[in-house]
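Here is the structure we will look at.
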Amino acid sequence: MTNQFVMTDTPTLRQRARQHIEAGAVTVGYGADREAVLTLLNGALATEIVCMLRYRRHHFMVRGIHSQAVAEEFLMHSNEEQGHADLLAERIVQLGGEPNFSPEGLLARSHAEYVEGVTLVDMIKENLVAERIAIDSYREVIQYLGNQDPTTQRLLESILAVEEEHADDLADLLFAMPPEQTAGH
Ligand SMILES: [Fe+2]
Ligand SMILES: [Fe+2]
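Heads up: the sequence shown begins at 1 in full-length UniProt numbering, then just goes up one per residue.
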């Protein structure tokens, strides 16, 4: 099967680029459903904010002999989730949308939950569950996008890779907990 590629001719490219220039990066050739993508990105943004907040809370709340390394890990993850939120907000604006940072309805927009947890093990487990939710939801959005919006797709792929690292770090932390801590709860 030969798949012959024929580039759009230059006059058409030039003429199309002059239409709706106020739309910035969103051109006539944008292949995805922009409104649908914006809704998905705002869902991802809410997820990142909730994860940033949960990790922050856990960073300050961990207690006990194993706390130091875990507290530092939680803070690092929290900062990385904030970084993801910023990247998503930036992409939303590039696509002509508005990033929703409203606390009103934040949890409902987020895929991940905000569970405070009591013990260190609770906290690690809750963060691991949230990462797994984020991983699955990003994977689905990446598949949905197909090749219709490669920039958003690449952005989500780069975020997904970090969430997978986070999940792996948390699984390691859980494994390193002494048995008396992993029992109970
Ligand atoms: Fe994240
Ligand atoms: Fe994460």
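All residues carry an ideal CB built from backbone N, CA and C; glycine is no exception. Since this is a predicted model, take the numbers as computed values, not measurements.
Legend entry - Within-8 Å CB hit, Gln68 to chain B: Among the protein chains of the structure shown there is no chain B, as only one such chain exists.
Legend entry - Residue span of the alpha helix (DSSP H) that contains Asp86, given as start and end: Here residue 86 refers to the residue found at position 86 when the sequence shown is read from its first residue. Asp86 -> alpha helix (DSSP H) spans 67 to 94.
Legend entry - Test item, CB below 7 Å from any non-hydrogen atom of ligand 2: Cys51, His77, Glu80, Glu81, Glu131, Ala134, Val162, Glu163, His166
Legend entry - Where Thr27 falls: helix, strand or coil (DSSP): Walking along the sequence shown from the start, residue 27 turns up at place 27. Thr27 falls in the coil class under three-state DSSP.
Inset, instruction - May I ask which residues mark the beginning and end of the alpha helix (DSSP H) holding His20? - result: Counting from 1 along the sequence shown, the entry for residue 20 is found at position 20. That residue, His20, is in no alpha helix (DSSP H); it is neither H nor E in DSSP.
Legend entry - Distance cut-off 7 Å: Glu48 Cβ against heavy atoms of ligand 1: Working through the sequence shown from its first residue, we reach residue 48 at position 48. It does: the Cβ of Glu48 is within 7 Å (strictly closer) of some heavy atom of ligand 1.
Inset, instruction - Work out the CA separation of Ile49 and Arg154 for me, nearest whole Å. - result: On the sequence shown, position 154 is the one that residue 154 refers to. On the sequence shown, position 49 is the one that residue 49 refers to. Rounded to whole angstroms, Arg154 to Ile49 spans 20 Å at the Cα level.
Inset, instruction - Kindly examine ligand 1 and report whether one of its heavy atoms sits closer than 7 Å to the Cβ of Ile142. - result: For the purposes of this step, residue 142 is identified with residue 142 of the sequence shown, where counting begins at 1. For ligand 1, not one heavy atom lies less than 7 Å from the Cβ of Ile142.
Legend entry - Complete runs of the alpha helix (DSSP H) confined to the segment 104 to 176 [at least 4 residues]: 106 to 109, 120 to 145, 150 to 176
Inset, instruction - Flag His84 as yes when its Cβ comes closer than 7 Å to any non-hydrogen atom of ligand 1, and as no otherwise. - result: Counting from one through the sequence shown, the residue named residue 84 turns up at place 84. For ligand 1, at least one heavy atom lies less than 7 Å from the Cβ of His84.
Inset, instruction - Compare the Cα-Cα distances from Ile135 to each of Glu90, Leu160, Gln143 and report the closest residue. - result: The residue you call residue 135 lines up with position 135 of the sequence shown. Ile135 has its Cα closest to that of Leu160, out of Glu90, Leu160, Gln143.
Legend entry - Distance cut-off 7 Å: Ile159 Cβ against heavy atoms of ligand 1: Within the sequence shown, the letter at position 159 stands for residue 159. Within the cutoff, so yes.
Inset, instruction - Closer than 6 Å by C-beta to Ala130: which residues in its own chain qualify, once you throw out the five before and the five after it? Chain order, please. - result: Along the sequence shown, read from residue 1 onward, the residue named residue 130 stands at position 130. For Ala130, where only same-chain residues beyond five positions count, the Cβ hits under 6 Å are Cys51, Ala112.
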